[in-house]
Amino acid sequence: APVLAIDLGGTKTAAALVAGSEIIDSRRNDTPRQADAGAWLDNIAELVSNWHGRYASAGIAVTGGVADGAWYPLNPATLPVPPGFPLVRELSARLGVPVVAANDAQAAAWGEYRFGAGQGVDLIFLTISTGIGGGIVLDGKLRTGRSGLGGHIGVTRIGNALLEELGSGSALARLAVLEGLPADPPAIFAMAAVGDARATGLIDRVVASVARAIANLQLVLDPDCFIIGGGMGLVPFYLARLEAACADLPDHLRPILRAAALGANAGLVGIADQVRIITN
Ligand code: BMX
Numbered sequence: 004a005p006v007l008a009i010d011l012g013g014t015k016t017a018a019a020l021v022a023g024s025e026i027i028d029s030r031r032n033d034t035p036r037q038a039d040a041g042a043w044l045d046n047i048a049e050l051v052s053n054w055h056g057r058y059a060s061a062g063i064a065v066t067g068g069v070a071d072g073a074w075y076p077l078n079p080a081t082l083p084v085p086p087g088f089p090l091v092r093e094l095s096a097r098l099g100v101p102v103v104a105a106n107d108a109q110a111a112a113w114g115e116y117r118f119g120a121g122q123g124v125d126l127i128f129l130t131i132s133t134g135i136g137g138g139i140v141l142d143g144k145l146r147t148g149r150s151g152l153g154g155h156i157g158v159t160r161i162g163n164a165l166l167e168e169l170g171s172g173s174a175l176a177r178l179a180v181l182e183g184l185p186a187d188p189p190a191i192f193a194m195a196a197v198g199d200a201r202a203t204g205l206i207d208r209v210v211a212s213v214a215r216a217i218a219n220l221q222l223v224l225d226p227d228c229f230i231i232g233g234g235m236g237l238v239p240f241y242l243a244r245l246e247a248a249c250a251d252l253p254d255h256l257r258p259i260l261r262a263a264a265l266g267a268n269a270g271l272v273g274i275a276d277q278v279r280i281i282t283n
């Protein structure tokens with residue numbers, strides 16, 4: 004039977020029926036940010052209401068940390084998660100099936116390892132999206148750490164700022180406004196694509212902090228590759244600028260960057276496979 008997979012990000016909520024790496028059916032809408040956690044889960048139940056009976060288990064990949072089924076924020080600005088929210092219990096009650104929960108970037112890292120651009124290698128997945136998330140797979144194991152923090156590169160501090168305050172899609176939107184440009188990353192990329200120097204300059208500014216973080220991670224874990232996903236990370240121009248920002252590193256220190264082969268579905272496919280592992 005297919006697994007119900009959910010990806011609850013700071014901006015988008017996605018749901019899919021997944022069998023292996025195949026997305027049988029999917030839908031998505033905007034995460035109702037102005038509401039509370041119960042409403043975010045009600046939105047999911049609504050989104051999947053006519054799939055009732057087509058799945059016997061569910062997985063949810065969420066922005067934020069997950070430990071023993073409880074949800075907590077690392078950066079409430081990315082999504083104001085109530086600390087200690089009983090995510091697994093609350094979603095299982097709404098869906099009527101067992102639920103497995105993990106961080107979204109950790110889930111996506113596993114999806115790319117199993118079925119995507121990182122099959123069989125040591126990888127660090129980065130989602131460049133509302134915030135910046137990370138997931139680590141080493142020696143065929145997803146490394147979530149002691150309390151589910153493994154991979155949370157976006158909330159590491161650079162001076163007085165968080166990396167995601169400097170390098171995420173939200174950061175680009177905030178910087179754009181200061182330059183009198185639209186607070187809309189897709190518009191900024193469209194302007195850069197037609198040669199607008201201000202737009203390209205903004206993109207290179209948010210790329211620079213991520214390139215620095217990647218170079219540091221290469222020195223710490225020395226993965227075979229970095230897989231880049233997320234709403235902004237999946238934009239080809241973004242990846243090209245990130246490659247350019249890493250180009251001046253000496254060969255033996257330069258990271259290998261790959262686009263997430265599963266695209267926006269990496270987290271859905273990854274959490275579905277985690278459900279298969281845990282419930283079989
Ligand atoms: C934040 C943190 C991470 C998440 C990352 C990307 C919260 C709520 N989220 O660093 O857990 O992986 O953002 O989140 O603290 P996204 O919503 O952009 O996918």
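The sequence shown: position 259 = 262 (UniProt numbering), numbered continuously.
Note that CB positions come from ideal geometry on N, CA and C, so glycine has one too.
Computed from a predicted structure; not experimentally measured.
Among residues of its own chain, excluding the 5 on either side of residue i, which ones have a beta-carbon nearer than 8 Å to its beta-carbon?
i	result
T34	L11, G12, G13, T14, K15, T16, W43, N46, L82
F240	F192, A195, A196, I206
L141	D125, L224, P226
State the Cα-Cα distance for the pair residue i and residue j, rounded to the nearest angstrom.
i	j	result
residue 284	Q109	A query on residue 284 cannot be resolved here, the shown segment of the chain reaching from 4 to 283 and no further.
N78	L169	13 Å
Y58	D71	23 Å
S173	V209	10 Å
residue 3	G204	Coverage of the chain is limited to positions 4 through 283, which leaves residue 3 absent and any answer about it impossible.
S29	P253	43 Å
N163	N53	47 Å
V21	E182	42 Å
G23	R97	24 Å
A262	E93	34 Å
A250	A216	14 Å
Q122	R146	16 Å
R36	A4	32 Å
I131	V213	9 Å
L245	N283	39 Å
N106	L178	27 Å
A120	E25	15 Å
I161	M235	21 Å
E49	L260	37 Å
P86	D199	42 Å
A243	I27	31 Å
Less than 8 Å between the CB atoms is what I'm expecting for residue i and residue j, so what's the real figure, rounded?
i	j	result
A19	L271	5 Å
S60	V6	6 Å
F128	I230	5 Å
G154	G134	Between G134 and G154 the Cβ distance is about 12 Å, and since that is not below 8 Å, they are no contact.
P188	A176	6 Å
I'd like the list of long-range same chain contacts for residue i, defined as Cβ closer than 7 Å, with 5 residues on each side in sequence excluded.
i	result
V91	G72, V102, A104
V84	A40, G67, W74, Y75, P76
S150	A70
V124	D227, C228
G114	L265, A269, G270, V272, G273, D276
Y116	Q122, L126, V140
V51	L7, A18
Quick one: residues in its chain with C-beta nearer than 6 Å to the C-beta of residue i, no 5 flanking neighbours on either side, listed in chain order?
i	result
G157	G134, I135, G136, L166, E167
I9	A18, I47, I63
S171	G134, I135
Y278	Tyr is not the amino acid found at residue 278; the sequence shown has Val there. Excluding residues within five positions, the ones whose Cβ falls inside 6 Å are V6, S60, G62, V103.
Over the uninterrupted alpha helix (DSSP H) stretch that includes residue i, give me the two end residues.
i	result
V91	90 to 98
Could you spell out the range, first to last residue, of the beta strand (DSSP E) harbouring residue i?
i	result
Q30	The amino acid at residue 30 is misidentified as Gln; the sequence shows Arg. Note, R30: beta strand (DSSP E), 25 to 33.
G136	135 to 141
L44	From DSSP, L44 is part of no beta strand (DSSP E) but of the alpha helix (DSSP H) over 40 to 50.
Kindly provide the chain-ordered list of residues whose Cβ lies closer than 7 Å to any non-hydrogen atom of the ligand BMX.
-> G12, G13, T14, T66, G67, G68, P76, L77, N78, P79, T81, L82, V84, N106, D107, A108, T130, S132, T133, G134, I135, G136, H155, G157, V158, E167, S171, G233
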